[in-house]
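Chains as they are written, first to last, in this note's numbering: chain A, 384 to 691; chain B, 1492 to 1816.
In structure tokens:
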């Protein structure tokens, strides 16, 4: 006879973030046909069909599909060559509902050579250049910025010209102040600066903003771009937090796998964890432990713990 | 094919010493410099620079810059460089030197190379100038010209042969709308909007673009370059035309650049030595053939009659001539 706490356990095991395989197996493994039937009658995942049987609610099956696939997706992404990984992430972002965030994330947080590698991989995987696909698919004000970001091959040395930093910081400031009337990403000078200048140069510009209390921590495309370029650990920590909140949609949740898998071996994982702790008062590992289930959770935690 | 004539056997040390001898005393023995450097390929020149540095503890390029002058100096100092470095230097000079960026040089840099070659030039540029080619082009140009030039040097084009006919057809229409629609009837007016032209020219692969240009002619009854023909003072349209011509047939385009330079049309001397110096080891021979075909006289004859002195001797040497001293 199935017990009500077993019903709860089973429902919980496939309602959260990732599936709790152990729980599922231990409950379902014992149940007889009648137990399962009782479960169907009581569970919110099933409805009474007018043909007198309890059927799965379709969107729960879809939900389950996503949750079961999380580990597979994480493992496949993890074992992929970083170039193929980034190329596929960007392709998905281009083809899917306009998820510019991912394009900005990949284009801005990778080194010049890594981004170049991704562009090469894109050629061989999809028979197009990423520039042409983005330019073709994006028809709105985001086009120039996105094509520019994805085509950038930034100087990676540390040399920075202070006078130019100052004058360009002024230009960006003016654009930000004018943001109500004109989106900064439609300003030619903003696009020029943000898509061609080196990261040290942009970080120096960013310092000027902090001086005038502009934190650029909003949700606008311009803010996201500057965050990715200048303070990636802050950006990643925000994205991770959003993915772990209750009620997050699929696009937001999928970021958990993406960020952890793509940054796990990079130097910034440590900084991301520190920033997360600073911003949210709890360690990333603990949060994941609380919110995520099963083998998927274990995989993520192992990835985060590397290098400790 | 190259026009450069370089011997198989050579001694970098002997060459370095001979060059040093040429610098000594009153004046410079330019003929010796032409004779040696004008007959050495990139690898050999690199070894000579190294040998010169080792023996005389001096940079050969610095020495050349101080001993030579004028067009001759510029040509030799570009020639001595390794080809990738040279392209970076030419691009830098085109951006920084005059008050106006010489867009033709940037277009040559972008369109006469494979995607990988363009990358090596950009890396060399970063190494030499501690900034990226893209940021320097961007900060020295404005408006549509900027968008266009930055886009064409940033792109990493797909290099396969695949083309999509449907896309070529629709983009031929889009180009037609932007070029002809924006002019308010008749030619000669500046383009009103250039977003799509820039997008297409700066992202599509070369085979795809060629297919598009073909469709353009079929649909509009006039080649795309003719549609862009108009006011030569409209620099941006001129740049688009130049880019399209270069995409269609780089050798024919470069031959035209050389011809204009010889006839003092448009920008001056620079282009002649630039094209000869950058192509002497690559495909100058084919370009000479096109030049002869289009102009009724050989490039060698044209150079011989329009230039003078050491500059002329040097160019003719690179063109493969031995007997004019």
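No residue lacks a Cβ here, since even glycine has one placed at the ideal position from N, Cα and C. Bear in mind the structure is a predicted one, so any value in this text is a computation, not a measurement.
- A straight line joining the alpha-carbon of residue 1700 (chain B) with that of residue 1661 (chain B) spans about 12 Å.
- Under the 9 Å criterion on CB atoms, residue 1697 (chain B) is classed as non-interfacial with respect to chain A.
- For residue 595 (chain A), the nearest beta carbon of chain B is not closer than 9 Å to its own beta carbon.
- Taking all protein chains in view, the Cβ of residue 1531 (chain B) is crowded by 16 or more other Cβ atoms within 10 Å, so the residue is classified as buried.
- Secondary structure note for residue 438 (chain A): its beta strand (DSSP E) is the uninterrupted segment 437 to 439.
- The Cβ atoms of residue 566 (chain A) and residue 603 (chain A) lie closer than 9 Å to each other.
- Secondary structure note for residue 1671 (chain B): it is in no alpha helix (DSSP H), with a DSSP letter that is neither H nor E.
- Counting the other Cβ atoms within 10 Å of the Cβ of residue 480 (chain A) gives fewer than 16, which makes it exposed.
- Residue 489 (chain A) and residue 473 (chain A) have their C-alpha atoms spaced approximately 7 Å apart.
- Here residue 1736 (chain B) carries a helix assignment [DSSP, helix/strand/coil].
- Along the segment 538 to 564 of chain A, going in chain order, the ones with a CB nearer than 7 Å to a CB of chain B are 538, 540, 542.
- A residue is called buried when at least 16 other Cβ atoms come within 10 angstroms of its Cβ; residue 483 (chain A) meets this threshold and is buried.
- Within the model, the alpha-carbon separation for residue 1574 (chain B) versus residue 1616 (chain B) is close to 12 Å.
- Identification of residues in the segment 1653 to 1668 of chain B having a C-beta nearer than 7 Å to some C-beta of chain A yields 1653, given in sequence order.
- A straight line joining the alpha-carbon of residue 1516 (chain B) with that of residue 529 (chain A) spans about 59 Å.
- The beta carbons of residue 507 (chain A) and residue 536 (chain A) sit no closer together than 9 Å.
- By the neighbour-count criterion, in which 16 or more other beta carbons inside 10 Å mark a residue as buried, residue 1503 (chain B) falls on the buried side.
- Counting along the chain, the unbroken beta strand (DSSP E) around residue 431 (chain A) starts and ends at 429 to 431.
- When 9 Å is used as the limit between beta carbons, residue 1726 (chain B) is near no residue of chain A, the shortest such separation being about 17 Å.
- Remark: C-beta atoms of residue 551 (chain A) and residue 584 (chain A) approach each other more closely than 9 Å.
- Residues of chain A with a Cβ closer than 8 Å to the Cβ of residue 1703 (chain B) do not exist; the shortest Cβ-Cβ separation is about 12 Å.
- Rounded to the nearest whole angstrom, the CA to CA distance from residue 555 (chain A) to residue 639 (chain A) is 31 Å.
- A contact is defined here as three or more CB-CB pairs under 8 Å, and the segment 1646 to 1655 of chain B meets this definition with respect to the segment 509 to 516 of chain A.
- Under the Cβ distance rule, residue 1603 (chain B) does not count among the residues neighbouring chain A, no pair being separated by less than 9 Å.
- Within the segment 1609 to 1622 of chain B, the residues whose Cβ lies closer than 8 Å to some Cβ of chain A are 1610, 1613, 1617, 1621, 1622, listed in chain order.
- At the C-beta level, residue 1746 (chain B) and residue 1778 (chain B) come within 9 Å of one another.
- The segment 1593 to 1605 of chain B and the segment 1552 to 1560 of chain B do not touch, with fewer than 3 CB-CB distances between them shorter than 8 Å.
- Taking 8 Å as the Cβ-Cβ cut-off, the segment 525 to 537 of chain A approaches chain B at 526, 527, 530, 531, 534, 535, 536, 537, given in chain order.
- Between residue 526 (chain A) and residue 477 (chain A), the CB-CB gap reaches or exceeds 9 Å.
- Fully contained in the segment 589 to 674 of chain A is no beta strand (DSSP E) run of length 3 or more.
- In this structure the segment 1620 to 1640 of chain B does not lie against the segment 1694 to 1711 of chain B, because fewer than three pairs of beta carbons, one per stretch, are closer than 8 Å.
- When the five nearest sequence neighbours on each side are left out, the beta carbons in the same chain lying within less than 7 Å of the beta carbon of residue 1605 (chain B) are those of 1650, in order along the chain.
- Each residue's CA atom was taken as its position, placing residue 544 (chain A) and residue 1543 (chain B) some 34 Å apart.
- Excluding residues up to 5 positions away in sequence, 668, 671, 672 lie with their Cβ nearer than 8 Å to the Cβ of residue 684 (chain A) in the same chain.
- DSSP places residue 1584 (chain B) in the uninterrupted alpha helix (DSSP H) bounded by 1574 to 1587.
- Here DSSP, grouped into helix, strand and coil, assigns residue 509 (chain A) to helix.
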